[in-house]
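Enquirer: Dropping the structure in here first, questions after.
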Amino acid sequence: QEELTEKQALLTEEQQVLANARYTARGTDRDSSLYWWIIAMQTQTGAEEMVETLTGEIEELQDKIEDYSKAVTEARINLELARKQLETSTLQAAVQQSTRSYNAENAQEIYDVSVAQSDFNTENAKADYDEAETKLADFDAVIVDQVIYSEYNGLITDTAVSRGDTLTQDMDLIILNDYDAVTITLSVEEEDMAAAALGNQANVTIAAFPEEVFKGVVTEIGDAEIDSNTNKTLYSVTVTVENTNDLLYQDMTAEVTFITEESEEVLYVLNKAIVRENEVSYVKVREANGKISTREVVTGFTDGVHTEIKEGISEGETVLWESKVSSK
6 QEELTEKQAL
16 LTEEQQVLAN
26 ARYTARGTDR
36 DSSLYWWIIA
46 MQTQTGAEEM
56 VETLTGEIEE
66 LQDKIEDYSK
76 AVTEARINLE
86 LARKQLETST
96 LQAAVQQSTR
106 SYNAENAQEI
116 YDVSVAQSDF
126 NTENAKADYD
136 EAETKLADFD
146 AVIVDQVIYS
156 EYNGLITDTA
166 VSRGDTLTQD
176 MDLIILNDYD
186 AVTITLSVEE
196 EDMAAAALGN
206 QANVTIAAFP
216 EEVFKGVVTE
226 IGDAEIDSNT
236 NKTLYSVTVT
246 VENTNDLLYQ
256 DMTAEVTFIT
266 EESEEVLYVL
276 NKAIVRENEV
286 SYVKVREANG
296 KISTREVVTG
306 FTDGVHTEIK
316 EGISEGETVL
326 WESKVSSK
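Final position of the sequence shown in my numbering is 333; the numbers increase by one with none missing.
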């Protein structure tokens, strides 16, 4: 560091000499004062060489100082690690000494504990053996003549193994859907939860069977969650559906209508028969003479598939609706 300080001071002086020499050389006329011009140029050249030499020596010194600093830092780290290792080794030695002293003083007690542990292990082994026998009996109950029998009825929707595969414990063999217990899980906003209360009835329509209405009931309500997109509170509601004629299966698209009110002995038509324009509802009716007329009707309750007709048509009249027909 001292040498670096000296070199930097010399460099400052030499840079001043160089600046003076350059100034003198520029201000001296070569033709009229050749001698002094030569002296100025020689001084400038010597100063430039000295500045370059000092700059190189300073950079070299700075590199050495940086290397020494790194070495000192590394040595301090190693010293601290050595101190920590010494503390750890001392503590381990003390623990070993205490453990040996304890074992020597409590040899009989340790022996008694070991015997008790052996008895405990024997009992566990006997329990494991009894459990294995039970599992073997269960295994023999479901596998007869190399055929696996399920204790449930349902439809196989996926198989996880094929001929030649090795079976391991707890691995899946097949996916079996029990269509006697079909559930639909949907998200309901907090303000609509009165209609989706536990035990409430619901009508379910399936896209594949648009004219069928399946009966359902709310059987489970999950915890509330906040939708990060809308900042609304949502509940996960599970509806258990009566799978009439085993028509429902996994991943079908469903629409759930919660029943909040009921009306009995009403006149109703399919929703698709009603045309709504400017908040007015119409249906097309085939008259007795065969002509088709459009009538305004007053609607009431709907179950998602059918809608109550309060005024406009009478029971027994023929109502028409348009449907798309595709040809193959």
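Don't be surprised by glycine CBs; every beta carbon is placed ideally from N, CA and C.
What residue does the alpha helix (DSSP H) around Glu216 start on, and which one ends it?
Expert: Not the alpha helix (DSSP H): Glu216 falls in the beta strand (DSSP E), residues Phe214 to Ile231.
Enquirer: Just checking my contact of Phe219 with Thr249 at CB under 8 Å: how many whole Å lie between their CB atoms?
Expert: Contact flag correct, Cβ pair sits at about 6 Å.
Enquirer: How do the stretch 288-300 and the stretch 311-326 stand: do at least 3 beta-carbon pairs fall below 8 Å, yes or no?
Expert: Short answer: they touch.
Enquirer: Would you give the residue range spanned by the beta strand (DSSP E) that Asn182 belongs to?
Expert: Ile179 to Asn182 is the extent of the beta strand (DSSP E) around Asn182.
Enquirer: Determine whether the beta carbon atoms of Glu216 and Val310 lie at a separation below 9 Å.
Expert: Contact flag set, yes.
Enquirer: Can the beta-carbon of Ser123 be found closer than 9 Å to that of Leu191?
Expert: Going by C-beta atoms, Ser123 is not nearer than 9 Å to Leu191.
Enquirer: Considering Thr104, what are the terminal residues of the beta strand (DSSP E) in which it resides?
Expert: Element bounds for Thr104: not the beta strand (DSSP E) but the alpha helix (DSSP H), Leu39 to Glu110.
Enquirer: Tell me, which residues are paired with Lys289 by DSSP?
Expert: Bridge partners of Lys289: Thr299 and Leu325.
Enquirer: Please state the DSSP three-state secondary structure of Ser119.
Expert: Three-state result, Ser119: helix.
Enquirer: Rounded to whole angstroms, what is the Cα-Cα separation between Lys237 and Asp228?
Expert: When rounded, the distance between both Cα atoms is 14 Å.
Enquirer: Quick test of your reading: Val244 and Val223, contact by CB under 8 Å. State the CB separation rounded to the nearest angstrom.
Expert: Right, the Cβ-Cβ distance comes to about 6 Å (below 8 Å), so this counts as a contact.
Enquirer: Do Val261 and Ile180 come within 9 Å of each other at the CB atom, strictly closer than that value?
Expert: No, they are not a contact pair.
Enquirer: Taking the alpha-carbon positions, what's the Ala199 to Thr304 distance?
Expert: Cα to Cα, the separation comes out at about 24 Å.
Enquirer: Indicate the three-state DSSP secondary structure (helix, strand or coil) for Gln21 in the structure shown.
Expert: In this structure, Gln21 counts as helix in the three-state DSSP scheme.
Enquirer: Is it buried or exposed for Lys277, if we count other Cβ within 10 angstroms and need 16 for buried?
Expert: Answer is exposed; the Cβ neighbour count stays below 16.
Enquirer: By the three-class DSSP mapping on this structure, what secondary structure does Thr245 have?
Expert: Thr245 falls in the strand class under three-state DSSP.
Enquirer: Quick check: what's the CA-CA separation for Ile70 versus Leu59?
Expert: So the alpha carbons of these two residues sit roughly 16 Å apart.
Enquirer: Alpha carbon to alpha carbon, what distance is there between Glu19 and Ser74?
Expert: One C-alpha to the other measures close to 29 Å.
Enquirer: Kindly indicate which three-state DSSP category Lys237 falls into: helix, strand or coil?
Expert: Three-state result, Lys237: coil.
Enquirer: What are the boundary residues of the beta strand (DSSP E) that Ile211 is part of?
Expert: It spans Gln206 to Ile211 - the beta strand (DSSP E) in which Ile211 sits, taken as one unbroken run.
Enquirer: What does DSSP give as the partner residue(s) for Tyr273 in the beta ladder?
Expert: Tyr273 pairs with Glu313.
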